[in-house]
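Peer 1: Residue numbers (our numbering): -8 to 340. For each residue, glycine too, the CB sits at the ideal point set by N, CA and C. Quick caveat, the model's predicted, so the values are computed rather than measured. Structure provided below as structure tokens; questions to follow.
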Ligand code: SF4
């Protein structure tokens, strides 16, 4: 990989970005806290989907101090549907550390930012360059794609070594002053809007066409190179949606692991037929007046796939150990992850 192409890309990309940048709420001012929240939300989530979440989050927690003392249930509720809930928990953990160690203001260097919980190399580089103009790279999937194509490199982007090598090359050509922010933003924007994945790069709109090795070699669709992922583990689950009057039974998941601390409908780790589901409830001494199939749904996590079957079970009395909540409370108070959306919808009147 040679860095000259990257150096030559700096000016045209910064100029292009200034003329073409999209207006997002987190771009209204260069504020480190706002950039931090938006960057964490944007990991794994599309920009359009993030905007309403970002606005609700900022109005509930407008400062580091407010986030540090956020009630956990409210924090999770505001994150409901965004997925990867550890991001929200880490934001709060990070805010507490910023209060304790930095007097409530985010530190100004990439190195110090990386000492905060949940802030990795990418987020630290994004905040340092966009809020504080540090000439520091922020390498995420978009930036990797753009740069591997520009360089015509077939290095495997799923390898840490490739990311580190690219970060070092970018650090060596980063501009100073406000252009450090423009370069980071330009790379992100180009990756999101122009140099998009698959064979669809919009090279005719790109300010770097003349420099791009992949374009010159006609190999845009082959880059970036990425080794095949391990297949996902499949887990069969049976969900019981217990209804007693106008209330539904939910429980809190354990405080660590997948969807930690969020709420869920009780479940068994097996695909149970209607007959098997009835027999299981009877064997546990749960008295019910009806059991109705609600259908099947799949939810995909990064390394895991849940295949769920759901039953609506009508009870005479509430089951000890479960929280029974109305539909309104399920929507307004308890954070039920989107994995359960299908079944939550199925019990709507
Ligand atoms: S010319 Fe095409 S492939 Fe190269 S950086 Fe621009 S959009 Fe991407």
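Looking at the unbroken alpha helix (DSSP H) that takes in residue 104, where does it start and where does it end?
Peer 2: Along the chain shown, read from residue 1 onward, the residue named residue 104 stands at position 113. That run of the alpha helix (DSSP H) goes 101 to 104.
Peer 1: Which of helix, strand or coil does DSSP assign to residue 98?
Peer 2: Numbered from 1 along the chain shown, position 107 holds the residue referred to as residue 98. The answer is coil: DSSP assigns residue 98 none of H, G, I, E or B.
Peer 1: Quick check: what's the CA-CA separation for residue 23 versus residue 117?
Peer 2: Working through the chain shown from its first residue, we reach residue 23 at position 32. Working through the chain shown from its first residue, we reach residue 117 at position 126. Each residue's alpha carbon lies about 9 Å from the other.
Peer 1: Runs of 3 residues minimum, wholly inside the region 278 to 332: which ones carry the beta strand (DSSP E) assignment?
Peer 2: 279 to 291, 295 to 306 and 314 to 317
Peer 1: On the three-state DSSP scale, how would you describe residue 22?
Peer 2: Translated into positions along the chain shown, residue 22 becomes position 31. Three-state DSSP puts residue 22 in coil, outside helix and strand.
Peer 1: May I ask you to verify whether the region 290 to 308 touches the region 192 to 199, counting CB pairs closer than 8 Å and requiring at least 3?
Peer 2: no
Peer 1: How many Å lie between residue 178 and residue 134 at the Cα?
Peer 2: Along the chain shown, read from residue 1 onward, the residue named residue 178 stands at position 187. Along the chain shown, read from residue 1 onward, the residue named residue 134 stands at position 143. Between residue 178 and residue 134, the C-alpha separation is close to 6 Å.
Peer 1: Buried or exposed for residue 25, going by 16 or more other Cβ atoms inside 10 Å?
Peer 2: As a working mapping, residue 25 is identified with position 34 in the chain shown. Flag for residue 25 reads buried.
Peer 1: Which residue wins for smallest C-alpha separation from residue 91, given the options 186, 55 and 121?
Peer 2: As a working mapping, residue 91 is identified with position 100 in the chain shown. The residue with the shortest Cα to Cα distance from residue 91 is 55.
Peer 1: Find the nearest neighbour of residue 219 within the set 325, 148, 105 and 0, judged by alpha-carbon distance.
Peer 2: On the chain shown, residue 219 is found 228 positions in, with the first residue counted as 1. Answer by Cα proximity: 148.
Peer 1: Give the range of the beta strand (DSSP E) segment to which residue 235 is assigned.
Peer 2: Along the chain shown, read from residue 1 onward, the residue named residue 235 stands at position 244. 224 to 235 is the span of the beta strand (DSSP E), which, as asked, contains residue 235.
Peer 1: For residue 273, does the count of other Cβ atoms within 10 angstroms reach 16, so buried, or fall short, so exposed?
Peer 2: The sequence position of residue 273 within the chain shown is 282, counting from 1. A residue is called buried once 16 or more other Cβ atoms fall within 10 Å of its Cβ, and residue 273, having fewer, is exposed.
Peer 1: Would you report the Cα separation of residue 47 and residue 208, rounded to the nearest angstrom?
Peer 2: The residue given as residue 47 occupies position 56 in the chain shown. The residue given as residue 208 occupies position 217 in the chain shown. Using only the alpha carbons, I get a separation of about 46 Å.
Peer 1: Which residues mark the beginning and the end of the alpha helix (DSSP H) in which residue 208 is found?
Peer 2: In the chain shown, counting from the first residue as 1, residue 208 sits at position 217. Looking at the DSSP string, the run of the alpha helix (DSSP H) that includes residue 208 is 204 to 208.
Peer 1: For ligand 1, I want to know if residue 5 counts as a neighbour, meaning its beta carbon is within less than 7 Å of at least one of the ligand's heavy atoms.
Peer 2: The residue labelled residue 5 in the question sits at position 14 within the chain shown. Answer for residue 5: no, Cβ out of range of ligand 1.
Peer 1: Measure the CB-CB distance between residue -3 and residue 139 and report whether it falls below 8 Å.
Peer 2: Your numbering for residue -3 matches position 6 in the chain shown. Your numbering for residue 139 matches position 148 in the chain shown. Taking 8 Å as the Cβ cut-off, residue -3 and residue 139 do not qualify as a contacting pair.
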